[in-house]
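What follows is a set of notes on a single structure, which appears directly below.
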Amino acid sequence: MWSLRFEVDRARVRLGTAKALESAMGALYTECSEMETRITVLARRGWIGRGMAEGAFGALHMVEHRQEMAQAEAARMREELALLCGIDAAHPAFDALQGGVIDRFRADEIEWSEPTTLELIDRLPALRAAKLRLALAEAELQRMARERWPSLNVGPRIVLMDGDSVLGPMFGINVPFPGALEGAILATREDRDAALEALEDEVVAARSRAERTRRVFESMELLALEHAPEMDMSMARMLLATQQEFLANPERLERWTYAIGERVTSLTSLVNARADLVLAWFDAQEARGVAPEVQP
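Note that my numbering numbers the sequence shown so that position 89 is 74, with each residue one more than the last.
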């Protein structure tokens, strides 16, 4: 259930991304297609070359094609989300899902809180399972020791410590004659030690994942909040400028055609970067054992 919750939220983001890209490409096509009549008239009168005109029409078709691709991706993501949720993809609730989960995300409001070792063990299912296996192995070792030496006073020793070590003092067997340790008890102690080592390895791996996901998020934050918006803004200005040049001089059509392709790329990068930032946040939260707070 823990991982399923994150998968559902990721699917919502992917669906919102596809719809946002479909909307962006639709708006771009509407904007650029206003020049289609002018291009057709200029081509018929021979004021621009046929190749120049076909290049411009090809750019418009590319934008339209990208919109259709995004629409198809949205349909596929809708099916994926419906499968995860266990409801019919035709349910009207999916129609209301747009890019809100992405639009409402505010990276500047995030307050990072790194969990302690104890918090990680309590939150992450894999660590809880490793902790349980260790407790069972320790209990079995103590049981066998009590059976071998009934007068031995043994109590629970599983004590989780927050700090450099994962665990506190474990049960140890210290008797005058080591030869009295039977093979079964030795084997059980080895199982306990292996369970302890496995838990410690899981904690180290969890710490590494938490640190790595934070670094990824910070990289995506720079891309989504600075680089991608700045690039798209520049490409939008270039498209507007080349359109004005084309209106004044038909020979400038090729520059406008080139600008369309660049705007498609920048818009796609911007939409994907914003979505990737949210997904990176989900990864960071999952690595820390914190459930995401996502609104429709």
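For glycine and all other residues, C-beta sits at the position ideal for the given N, C-alpha and C.
DSSP three-state assignment for residue i, whether helix, strand or coil
i, result
"R273", "coil"
"T242", "helix"
"F90", "coil"
"N257", "helix"
"E187", "helix"
"R61", "helix"
"G34", "coil"
"L109", "coil"
"A75", "coil"
"T101", "coil"
"I95", "coil"
"L208", "helix"
"S219", "helix"
Spatial neighbours of residue i in its chain, beta-carbon cut-off 6 Å, leaving aside the 5 residues before and after
i, result
"E230", "R237"
"L119", "A180, L181 and L184"
"A265", "V201, F202 and M205"
"I87", "G1, R259, A260 and V263"
"L66", "A(-4) and L0"
"S193", "none"
"V(-7)", "L69"
"H50", "none"
Proximity test, residue i beta-carbon vs the ligand HEM heavy atom, cut-off 6 Å
i, result
"E185", "As presented, the structure is devoid of all ligands, the ligand HEM included, so that no description of it is given."
Contact check, residue i vs residue j, beta carbons under 7 Å
i, j, result
"D268", "T198", "yes"
"R(-10)", "M62", "no"
"V48", "L13", "yes"
"P214", "W32", "no"
"R248", "L224", "yes"
"K116", "A59", "no"
"D186", "A122", "no"
"A9", "L210", "no"
"E239", "M37", "yes"
"L109", "A191", "yes"
Burial state of residue i (16 or more Cβ within 10 Å)
i, result
"A74", "exposed"
"I95", "exposed"
"R(-3)", "buried"
"V263", "buried"
"L207", "exposed"
"G274", "buried"
"V256", "buried"
"I245", "buried"
"M220", "buried"
"I72", "exposed"
"L68", "exposed"
"A233", "exposed"
"A28", "buried"
"A172", "exposed"
"A114", "exposed"
"A57", "exposed"
"R128", "exposed"
"R222", "exposed"
Beta-carbon proximity list for residue i, same chain, < 7 Å, skipping 5 on both sides
i, result
"D149", "Any reading at D149 is ruled out, since the residue's pLDDT is 40, under 50, leaving its predicted position unreliable."
"E271", "F(-9)"
"Q52", "E7, M10, G11 and Y14"
Nonlocal neighbours in the same chain, by C-beta distance under 8 Å from residue i, ignoring five residues either side
i, result
"S18", "L45"
"M20", "A41, Q228, F231 and W241"
"M216", "S251, S254 and L255"
"R125", "The identity of residue 125 in the sequence shown is Glu, whereas the question assumes Arg. Taken in chain order, the residues that qualify are T173, D176 and R177."
"W97", "R199"
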